[in-house]
Amino acid sequence: MSLADMSVATEVPPVGALLRTWRERRRFSQQELSNRSRVSTRHLSRVETGKAHPTPEMLMHLSDNLDVPLRDRNQLLLAAGYAPRYQDRQLDDASIALVMDGLRRLLDAHLPYPALLLDEHWDIVDANAAVDQLLAGCAPELLEPPVNVVRVCLHPDGLADRIGNLAQWGGHLLHQVRHRAERTHDQRLHELAGEIAGHLGTSDAAPVGTGPVITLEIDVDGSPLRFFSTSATLSTATDATLEGLHLETFLPADEETRRRFGAS
């Protein structure tokens, strides 16, 4: 989506109401936001009630303190009558081709172990060849694009029957999805959290572990393998789509997995 597309007039709440919504989502009082941002409570109150009009710089300053996602910062700017500052490109846009190429190179560099590039909803953007071994045997409809890796992991027709510590790993994934849903207030993420809680048969998202890290214990071709995962994001992203990308990589959690998977 281009900035011109985003600038098309739409019905949006007043900027003060939007700011108040984000403040309440973060469970901040006006006093707490004032302490964090060094903006007086009087001025915050006037902005929220529409009695004062914020500058673009103040909107960005308050957005930083409220941890507002880039796409929603654009909405704040539009609501105040300003042009959006952050692009929201498609992933095949030529202007971000070098970034996407670099991320895909990281996927291949992680071989022989699995690595995935995921969007903000845990849909697979790309993956290296090792991921195919993990997904083998899943129901074909779960592998129709866009493939949601959380759904595939916990769906009864996906990997659920092959995950030895399903309650623990599922609790970990549910916690991650709920945490991002709470930060972004994305309805799709709230729906995904509800769906996977239904698969798990529990609303408890607190994973319990006995080792130094939570591992994925999964059967691959009759061999029980154990991986731990790492996640990396583009902390310098100034594009709303790139902000949501994260690289999920899996590493062996025991010598048997290192030997078997590394030799495959």
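For the sequence shown, the working numbering begins at 5 and goes up steadily by one.
Yeah, the Cβ is synthetic: ideal placement off N, Cα and C, and Gly gets one too.
Secondary structure of ALA119 (DSSP, three-state): strand. Annotation: the segment 188-235 contains the following complete segments of the alpha helix (DSSP H) (minimum length 4 residues), in chain order: 191-204.
Between VAL51 and GLY20, the gap from beta carbon to beta carbon is short of 8 Å. With contacts defined as CB atoms closer than 8 Å, LEU121 and ALA131 qualify as a contacting pair. Your pair PHE254 and PRO118 checks out as a contact, with CB atoms roughly 4 Å apart and the cut at 8 Å. Counting along the chain, the unbroken alpha helix (DSSP H) around THR45 starts and ends at 45-52.
Three or more pairs of CB atoms, one per stretch, sit closer than 8 Å, so the segment 243-253 contacts the segment 70-81. Taking a 10 Å sphere around the C-beta of LEU48, we find 16 or more other C-beta atoms and assign the residue as buried.
In the three-state DSSP reduction, ASP112 falls in the helix class (H, G or I). Distance check between GLN137 and each of GLY174, PRO228, ALA185 places PRO228 closest, using alpha-carbon atoms only. Here ILE167 is not near ILE218, since their CB atoms are 8 Å or more apart.
Assignment of beta-bridge partners to ALA164 by DSSP yields no partner.
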